[in-house]
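Engineer: I'd like to ask some things about the structure below.
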Amino acid sequence: MYDSCRKVMRMLALSACVAGAFGAPSMTMAADDATGAPAAASSAPSDTDLASAACAIGEEQFLPGDYYYCLATQSYGLHHYAQAQKFFTTAAGWASKPAQYVLGIMALDGDHQPRNRPLAAAWLALASERPQSNYASASATLAASLTSAERQAADQLLARMRPTYGDATAAVRAEKRYEQGMARLASLTGPGGHYCMEGLTTPADVSMANNPEQCPPVQVMTRAIDQAAAKVFDGWTGHVNVGPLQPVNASPAAHGPR
């Protein structure tokens, strides 16, 4: 069962480290058309694979759901299962649909916890609440297999969980954090400036902290964060991209009406 959960995390992993050419982090939510479950990977990632996830703490200022999902994946690979579940749950509270889905699979499989089909159904229902969700089929399949007692328990759990983890609360909270982070980025950097995100530097390049020009251009980082945000909020109608930052002497780009 643990291999299946590792496959889920591998398929859903969103690297929090904007490395190399400082391109946008990418999330793959591949799903099998027939089952709605993640497409089969050639092999499950090893604990070493998961533990090597590079999580940039600076991303927490913009996309905490992404950042805590990365920490959860890393913790799972290090066999810190209670900590992994804590971080997945934190990510879920920041509207991370992959985190909500993984929590559902863990509850369904009894992955380092007792099997709990009603809890799994509640998490999968939350994960699939957006239109055209990749998780909708998996959620519907599990829901259809529940007994009457399990369905009642799942409904009760969902009613308690939705005010914290549903998009009406969690995505709004996450969007506000994203907007605040992008506004700070706009106010701290001018035309032609550079931005050093904490956690992107390594001991080999600590000089970047004293030489911002060694860090990515602010417009590159803006595009990377904005593109990652589009994936984090994919399917949620409340999200509006920030777009290119304005010069520091101009007002930050305003968001359109919701």
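At position 206 of the sequence shown the residue is numbered 222 (our numbering), and the sequence of numbers has no breaks.
Yeah, the Cβ is synthetic: ideal placement off N, Cα and C, and Gly gets one too.
1) Among residues of its own chain, excluding the 5 on either side of Ala-184, which ones have a beta-carbon nearer than 8 Å to its beta-carbon?
2) Work out the CA separation of Pro-130 and Ala-137 for me, nearest whole Å.
3) Three or more C-beta pairs closer than 8 Å, one from the region 153-165 and one from the region 65-80: is that the case here?
4) If you compare alpha carbons, which of Trp-110, Ala-111, Thr-105 is closest to Met-122?
5) Would you identify the three-state DSSP class for Pro-114, choosing helix, strand or coil?
6) Give the range of the alpha helix (DSSP H) segment to which Cys-212 is assigned.
7) What are the uninterrupted segments assigned as alpha helix (DSSP H) that are 4 or more residues long and contained completely in the region 66-142, given in chain order?
8) Just checking Ala-69 against the ligand MN - is the residue's beta carbon closer than 7 Å to any of the ligand's heavy atoms?
9) Across the region 112-126 and the region 82-90, are there enough close Cβ pairs to call them in contact, namely three or more that are closer than 8 Å?
10) Cα separation between Gln-168 and Gly-126?
11) Would a C-beta distance cut-off of 8 Å place Arg-133 and Leu-124 closer than the cut-off?
12) Sort Thr-180, Ala-98, Leu-94, Tyr-211 by Cα distance to Ser-112 and report the nearest one.
13) Compute the Euclidean distance between the alpha carbons of His-128 and Ala-107, then round it to the nearest angstrom.
14) Would Ala-67 pass as a contact of Leu-94 if the rule is Cβ separation under 8 Å?
15) Does Arg-239 pass the burial test, meaning 16 or more other C-beta atoms within 10 Å, or should it be called exposed?
16) Taking the alpha-carbon positions, what's the Tyr-211 to Ala-170 distance?
17) Quick one: what's Pro-233 bridged to in DSSP?
18) Classify Ser-62 as helix, strand or coil using the three-state DSSP reduction.
19) Just the C-alpha distance for Gly-251 and Ser-149, rounded to the nearest angstrom, thanks.
20) For Glu-195, which three-state DSSP category applies?
21) Is Met-237 near Met-198, with beta carbons less than 8 Å apart?
22) Just the C-alpha distance for Asp-63 and Gly-109, rounded to the nearest angstrom, thanks.
23) Would you check if the distance between the CB atom of Ala-187 and the CB atom of Phe-103 is smaller than 8 Å?
24) Give the range of the alpha helix (DSSP H) segment to which Ser-161 is assigned.
25) Between Gly-293 and Gly-215, which are expected to be in contact by the criterion C-beta below 8 Å, what is the C-beta distance as a whole number of angstroms?
26) Would you mind reading off the limits of the alpha helix (DSSP H) that contains Gln-172?
Structural biologist: If we stick to the structure as given:
1) So the list reads Arg-178, once near-sequence residues are dropped.
2) One Cα belongs to Ala-137, the other to Pro-130, and the distance between them is close to 14 Å.
3) Contact between the region 153-165 and the region 65-80 is absent, because fewer than three Cβ pairs lie under 8 Å.
4) The closest CA to that of Met-122, considering only Trp-110, Ala-111, Thr-105, is found on Thr-105.
5) It is helical.
6) Looking at the DSSP string, Cys-212 is not in any alpha helix (DSSP H), and its letter there is neither H nor E.
7) Unbroken alpha helix (DSSP H) runs of no fewer than 4 residues, entirely contained in the region 66-142, are found at 80-93, 97-109, 113-125, following chain order.
8) In the structure shown, the ligand MN is absent, as is every other ligand, since no ligand is present at all.
9) When Cβ pairs closer than 8 Å are counted between the two stretches, the region 112-126 is seen to touch the region 82-90, the count reaching three or more.
10) Counting only the Cα atoms, Gly-126 lies some 20 Å from Gln-168.
11) Contact: yes.
12) Among Thr-180, Ala-98, Leu-94, Tyr-211, the Cα nearest to that of Ser-112 belongs to Thr-180.
13) Each residue's alpha carbon lies about 19 Å from the other.
14) When the beta-carbon positions are compared, Ala-67 and Leu-94 come within less than 8 Å of each other.
15) Buried is the call here.
16) The alpha-carbon atoms of Tyr-211 and Ala-170 are separated by roughly 45 Å.
17) DSSP, once it has assigned bridges, lists His-210 as partnering Pro-233.
18) It is coil, neither helix nor strand.
19) If I take the Cα positions, the gap works out to 7 Å.
20) In the structure shown, Glu-195 sits in a helix (DSSP, three-state: H, G or I).
21) Cβ distance not < 8 Å, so Met-237 and Met-198 don't count as in contact.
22) Here the C-alpha atom of Asp-63 lies approximately 25 Å from the C-alpha atom of Gly-109.
23) No, they are not a contact pair.
24) Segment 152-161, the alpha helix (DSSP H) holding Ser-161.
25) Outside the shown range of the chain (17 to 274) lies residue 293, about which nothing can therefore be said.
26) Gln-172: member of the alpha helix (DSSP H) spanning 164-181, first to last residue.
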